[in-house]
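Engineer: One structure is given below, represented as structure tokens, and several questions about it will come after.
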Amino acid sequence: MNVKMADLPGIGKKISFLTAEGSMICLIVHHTGKRELYFFKDADDDEADFSMDLTGDETRELGAQLLGAVFQPVDNDKMKIFRSQIVMEWVEIKKESPVVGKTLEESEIRKRTGVSVVGIFRKGEVIASPEADQKLEVGDTIMAIGKSEQIDEFERLCEGEAV
């Protein structure tokens, strides 16, 4: 990334960030404290594709987020290891399944298979992070996460095969 700074006499400073893709972000910081952010898909364009005004606090918060104050991405090598071991799958509960009519707690899915239930898709609705007292119904599609062999066990359980 290429960064350029220029004085704007009587106004303040202009800071331009040129990306490897040829885009540009310009930040105009006025002497009054006003800040304007401009986005150019093509750095050679005269008119911005998008612009917005920011307060000083908003600018500092944006900067903090860009620096990773709240969220740090996972190292790519660690993510490859994680992805090779963890699987997320959507599995439908069949009427033969022993978990039908039971709550998540009663069904002991985690104890029996090792997977974690992170969501339920039921009749066009999503139940995210379902509680332990959530009953399971025929036709529910369960979003489960676990190791590949655990997901296989869970699929057998949802089909009604002995686990």
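Just so you know, this note's numbering puts -4 at position 2 of the sequence shown, and the rest follows in order with no gaps.
The C-beta atom is built at its ideal place from N, Cα and C for all residues, glycine as well.
(1) Between which two residues does the beta strand (DSSP E) carrying GLY6 extend?
(2) Can you name the residues that DSSP bridges to MET(-5)?
(3) Where in the stretch 86 to 114 do unbroken runs of the alpha helix (DSSP H), each at least 4 residues long, occur, reported from the N-terminal end onward?
(4) How close, in whole Å, do the beta carbons of ALA37 and LEU60 come, if the pair is a contact with beta carbons under 8 angstroms?
(5) So, using beta-carbon positions, are ILE114 and PRO124 closer together than 7 angstroms?
(6) Assign THR26 to buried or exposed, taking buried as 16 or more other Cβ atoms, counted over all protein chains shown, within 10 Å of its Cβ.
(7) How about ALA126: is its Cβ closer than 6 angstroms to a heavy atom in the ligand ADP?
(8) Taking the alpha-carbon positions, what's the LYS141 to ALA122 distance?
(9) Which value, in whole angstroms, describes the spacing of the CA atoms of LYS8 and MET82?
(10) Could you tell me the distance, in whole angstroms, from the CA atom of LYS129 to the CA atom of PHE148?
Structural biologist: If we stick to the structure as given:
(1) On the sequence shown, residue 6 is found 12 positions in, with the first residue counted as 1. It spans 6 to 12 - the beta strand (DSSP E) in which GLY6 sits, taken as one unbroken run.
(2) Here the question's residue -5 lines up with position 1 in the sequence shown. According to DSSP, MET(-5) bridges with nothing at all.
(3) DSSP runs (the alpha helix (DSSP H)) wholly in the stretch 86 to 114: 98 to 101, 103 to 107.
(4) Here residue 37 refers to the residue found at position 43 of the sequence shown. Here residue 60 refers to the residue found at position 66 of the sequence shown. With 8 angstroms as the limit, ALA37 and LEU60 do not qualify as a contact, their Cβ atoms being about 19 angstroms apart.
(5) Stepping through the sequence shown from its first residue, residue 114 is reached at position 120. Stepping through the sequence shown from its first residue, residue 124 is reached at position 130. ILE114 places its beta carbon less than 7 angstroms from that of PRO124.
(6) The count along the sequence shown starts at 1 and reaches residue 26 at position 32. The residue is exposed, with fewer than 16 neighbouring Cβ atoms inside 10 Å.
(7) Within the structure as shown, the ligand ADP is missing, as the structure has no ligands at all.
(8) For the purposes of this step, residue 141 is taken as residue 147 along the sequence shown, with counting starting at 1. For the purposes of this step, residue 122 is taken as residue 128 along the sequence shown, with counting starting at 1. Between LYS141 and ALA122, the C-alpha separation is close to 20 angstroms.
(9) Within the sequence shown, residue 8 is the residue found at index 14, counting from 1. Within the sequence shown, residue 82 is the residue found at index 88, counting from 1. Approximately 46 angstroms between the Cα atoms of the pair.
(10) Taking the sequence shown and counting its residues from 1, one reaches residue 129 at position 135. Taking the sequence shown and counting its residues from 1, one reaches residue 148 at position 154. In a straight line, the C-alpha of LYS129 is about 17 angstroms away from that of PHE148.
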